[in-house]
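Residue numbers (full-length UniProt numbering): 1 to 140. Don't be surprised by glycine CBs; every beta carbon is placed ideally from N, CA and C. Single-structure report; data block below.
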């Protein structure tokens, strides 16, 4: 099945919430080579791109939707933009939901834009990530 405009609005919630730990923030900051002291200690905040790691759990649900028929080996991740209400902090428990916002076709390539919202489990907004995927259905 190919993707079309009828799929706009489909939402995919991460299977479970994510508990943000100080150690996970530090490990992520180390992995990206950022020594900022704000990313360490009891009151640590996460680097801005940490949101992708948390939101990727919802993206996984989108990618596994059999109706969409996406193949990971035919996907290129394009643009991504983050908009924050507040930083992600150690101690947060975050829910993530990805929603398809736009679908367009260019020959065998499907361009899928989706928005991932991150909130606390109590519903407090934290961040929104807007992302683009290109999926090629052409025969290999």
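In whole angstroms, what separates the C-alpha of residue i from that of residue j?
{"i": "residue 62", "j": "residue 96", "result": "12 Å"}
{"i": "residue 2", "j": "residue 115", "result": "20 Å"}
{"i": "residue 38", "j": "residue 113", "result": "32 Å"}
{"i": "residue 12", "j": "residue 47", "result": "24 Å"}
{"i": "residue 56", "j": "residue 69", "result": "18 Å"}
{"i": "residue 85", "j": "residue 126", "result": "5 Å"}
{"i": "residue 40", "j": "residue 88", "result": "13 Å"}
{"i": "residue 4", "j": "residue 104", "result": "7 Å"}
{"i": "residue 23", "j": "residue 29", "result": "10 Å"}
{"i": "residue 100", "j": "residue 35", "result": "35 Å"}
Is there at least one non-hydrogen atom of the ligand ADP closer than 8 Å to the beta-carbon of residue i?
{"i": "residue 133", "result": "For the structure depicted, the ligand ADP is absent and the ligand set is empty, with no information on it obtainable."}
Using the rule of at least 16 other Cβ atoms within 10 Å of the residue's Cβ for burial, across every protein chain shown, is residue i buried or exposed?
{"i": "residue 25", "result": "buried"}
{"i": "residue 133", "result": "buried"}
{"i": "residue 79", "result": "exposed"}
{"i": "residue 117", "result": "buried"}
{"i": "residue 20", "result": "buried"}
{"i": "residue 131", "result": "buried"}
{"i": "residue 42", "result": "exposed"}
{"i": "residue 121", "result": "exposed"}
{"i": "residue 140", "result": "With a pLDDT of only 46 at residue 140, under the threshold of 50, the placement of this residue in the model should not be trusted; the figure read from the coordinates follows. Result: exposed."}
{"i": "residue 31", "result": "exposed"}
{"i": "residue 106", "result": "exposed"}
Among the candidates the options, whose CA atom is the shortest distance from the CA of residue i?
{"i": "residue 137", "options": "76, 13, 34", "result": "76"}
{"i": "residue 74", "options": "110, 124, 65", "result": "110"}
{"i": "residue 18", "options": "44, 129, 51, 135", "result": "51"}
{"i": "residue 10", "options": "32, 33, 119, 59", "result": "59"}
{"i": "residue 108", "options": "7, 135, 124", "result": "135"}
{"i": "residue 141", "options": "93, 102, 129", "result": "Past the edges of the chain, shown from 1 to 140, lies residue 141, and the structure says nothing about it."}
{"i": "residue 27", "options": "8, 14, 6, 49", "result": "49"}
Whole runs of the beta strand (DSSP E) within the UniProt domain "FAS1-like dehydratase" (7-128), excluding any shorter than 3 residues: Counting only unbroken stretches of 3 or more residues, the beta strand (DSSP E) elements lying wholly within the UniProt domain "FAS1-like dehydratase" (7-128) are 11-13, 75-84, 93-106, 109-120, in sequence order.
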